[in-house]
Amino acid sequence: MVVLQKAPKVLSGAVEPTILPEGTVKYAHDGLHHLLGAGGQRRLQALQSDPDNHALVAIVPLDQDGLARLDAVFRLLAQLHGRVVPADKRLTRQKRLRAKRMLQAFDGRAVGASQREIAEVVFRLSRLSRDEWQSAPERFAVMALLRDARNMVEGGYRALLRSRSMRR
184 MVVLQKAPKV LSGAVEPTIL PEGTVKYAHD GLHHLLGAGG QRRLQALQSD
234 PDNHALVAIV PLDQDGLARL DAVFRLLAQL HGRVVPADKR LTRQKRLRAK
284 RMLQAFDGRA VGASQREIAE VVFRLSRLSR DEWQSAPERF AVMALLRDAR
334 NMVEGGYRAL LRSRSMRR
């Protein structure tokens with residue numbers, strides 16, 4: 184239930200912006216519009232079409248991320264009704280582990296660690312000799328982690344947010 188501290192302003196259709204300041208509740212011809220903080224820089228804009236019913240409406244853009252958005256709405260609905268929230272299926276356990284390793288490798292490189300030092304931390308290796316390191320599979324794995332981490336930092340992270348079936 185939302186408590187209004189002062190009388191809400193009526194939206195005047197297309198003249199008013201649809202993005203509201205955080206914490207705002209405004210009346211409009213189609214119901215109550217709420218803008219809530221969802222943690223960090225995320226915000227959730229919800230429409231309560233029937234203020235007496237307290238039901239919320241989810242508007243989901245049907246773009247390439249539509250399936251991921253629908254999954255998020257499903258998880259939100261489960262949480263709102265006190266049910267078990269299903270796991271987020273966008274990343275498998277293996278992909279989460281690889282993303283973690285990419286971040287570790289990228290952070291290590293940013294503070295000046297060598298590829299061998301990164302491999303020792305990420306893969307929990309004992310100290311390798313120079314000759315062992317040259318042919319170690321972990322050497323090539325670290326190079327791939329650093330390459331993929333750079334791509335993620337340059338905007339590739341957005342692919343993590345898409346549904347697995349929608350990734351290119």
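Residue numbers for the sequence shown follow this note's numbering, beginning at 184 and rising by one. We put the beta carbon where it would ideally sit given N, CA and C, even for glycine.
Proximity test, residue i beta-carbon vs the ligand GDP heavy atom, cut-off 8 Å
i: G339; result: Among the components modelled here there is no ligand, and therefore nothing to report on the ligand GDP.
Limits of the alpha helix (DSSP H) - the one that residue i falls within
i: I301; result: 298-305
i: S318; result: 313-318
Beta-carbon separation (whole angstroms), residue i vs residue j, contact threshold 8 Å
i: V305; j: A288; result: 6 Å
Backbone secondary structure at residue i - three-state DSSP
i: L260; result: helix
i: V294; result: coil
i: R364; result: Look at the range of the chain in this structure, 184 to 351, and you will see that residue 364 is not part of it.
i: D248; result: coil
i: R266; result: coil
i: L343; result: helix
i: R279; result: helix
i: L329; result: helix
i: L286; result: helix
Any chain C beta carbon closer than 9 Å to residue i
i: D213; result: No chain C appears in the structure shown, which is made up of a single protein chain.
Problem set entry | Validate contact between the segment 269-278 and the segment 289-309 using beta carbons, cut 8 Å, 3 pairs | Judged by Cβ distances under 8 Å, the segment 269-278 makes no contact with the segment 289-309, as fewer than three pairs qualify.
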